[in-house]
Amino acid sequence: MKKGALFKTVRVVVVLLVSVAIAVVLVQLRPRAEKQARTSNGRLVEVLRTRPQSLPMIVDAYGTVAPREALKLVAEVRGQVVAMHPAFIEGGFVRSGEVLLTIDPRDYELAVRRAKVGVRQARAELDRLAQDILNIKASLALAASDVDLALAEVKRLKKLAGRDMTSQSVLDKADRQYLTSRERLQALENQMALTATSRIRLESQLDMAEVAVEQAMLNLERCRIEAPFDAWVTEKAVETGQHLTVGQAVGGVYRAGAFDIDVKIPVGDLAWFPDTGRAGEGPPARVQYTGTTPPRLWNGRVARVKAALDPTTRTLPVVVEVDEPATSDSLVHAADRMKPGMFVTVSIQGRQVENVHRLPRHLVHDGDTIYLADDLQLRVQPVTILRRFKETVLVSDGLSDGDLVITTPLSGAVPGMRVRIE
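Here full-length UniProt numbering is used: the first residue of the sequence shown is 1, the next is one more, and so on.
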């Protein structure tokens, strides 16, 4: 019995010793995977590989659409409205030169006829003066001959009187005839001298008569109020049969397809505008109206930069022009047209900038640093931010082609911490 118990005890001890030995051997022979994993352990992150780009500098602004040319139409002559264009109503479209309304022209037609009669009368007076001048010239020639003959007769009689061959009474009579002929010649010369002033007076009367004709014809033309350009009607203030006075408003129109948008941009953003130096050659712009589905888009151009800052916002007003020709489609699809009063977004395309990196804005830390994954370690990289937008930033310096920007949010990030790229 004692031998059996001892044998059992020895067997248990041997089994335990063998088990311990096997465990020790297994521990010594196991792979070093756990140690390898500890040496490569780090935060699992996602990365974005950078690529430099050449990008246009877009300046976004907002403004309200206004017509480039808007007119208030007024009556320039008085009278009764006798006809009206069917499209001369609010929202109507009229082509350039179409008659919007007609004022009774009869009184003005008579005024033209009266003025033309005055012209004919003035011309007749000038013709009469010309004939009078011809007659006076002929009379002057005859009067000069009479003077010569009378003078010769006086000289002849004086010679005869010196030889007592004629009486004194005959000589006196000849002297009187000579003086009479001289007086007649002088009167004709005076009359001829006055024809110059008469011509000036009659020519002035003719000019006045012709001016009266032009004025009468102008008033007659003003009986027809025409569209000065292709236009949309904004207002109609008269009706057929209504009597108008001079200066009375009859309606309003604006030029179709020609719009200006005043936008205000920070002065610093002018640096992105190319130097054109000429009016009308500003940078292109994209105009978007989001009040419809889908949004409406138009192409425009910066027309001019105003001279003074807005005193309230300290921004610089810039005028963007949009030209949208009035085609048949735009007349039918009124919803597609640009209209005054639209509040739009204007994206102005500035100069091109080379070698910039566009990144989501949330990847910028502490204002001007980026987290990079560099050899499985986190590197805090200072960068130069060229521009900041609502969702993105443009980095001009501090990044290279192929840098791995960490996009995973990291709390407690420190330089050199281990990272693993997902």
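Note that the Cβ used here is the ideal one computed from N, Cα and C, for glycine as well.
Selection Ala271, Tyr289, Pro340, Pro295 evaluated against Val305 yields Ala271 as nearest (Cα-Cα).
A Cβ-Cβ contact shorter than 8 Å links Val45 with Ile421.
Its chain contains Leu206 as the residues whose beta carbon lies nearer than 8 Å to that of Arg123, once the 5 sequence neighbours on both sides are disregarded; these appear in chain order. When DSSP states are grouped into helix, strand and coil, Glu354 belongs to the strand group. Between the segment 363 to 379 and the segment 73 to 91, the count of C-beta pairs closer than 8 Å stays below three; the two stretches do not touch. The Cβ atoms of Glu98 and Tyr254 do not sit closer than 8 Å to each other.
Glu153 is not bridged by DSSP to any residue. Assignment of Asp323 by DSSP, reduced to helix, strand and coil, places it in the strand class. By the Cβ-count criterion, Leu359 is buried, with 16 or more other Cβ atoms from all chains shown falling within 10 Å of its own Cβ. Here Glu109 carries a helix assignment [DSSP, helix/strand/coil]. Non-local beta-carbon contacts of Lys116 in its own chain, meaning distances under 6 Å to residues more than five positions away in sequence, involve Val213 in chain order.
Within the segment 379 to 422, complete beta strand (DSSP E) segments of at least 3 residues are found at 384 to 388, 392 to 397, 404 to 406, 419 to 421, given in chain order.
Val246 has its alpha-carbon roughly 34 Å from the corresponding atom of Arg201.
The three-state secondary structure of His365, taken from DSSP, is strand. Counting only the Cα atoms, Arg301 lies some 15 Å from Lys264. The closest CA to that of Met217, considering only Arg114, Thr315, Asp175, Leu55, is found on Arg114.
Secondary structure at Gln377: strand, using DSSP grouped into helix, strand and coil.
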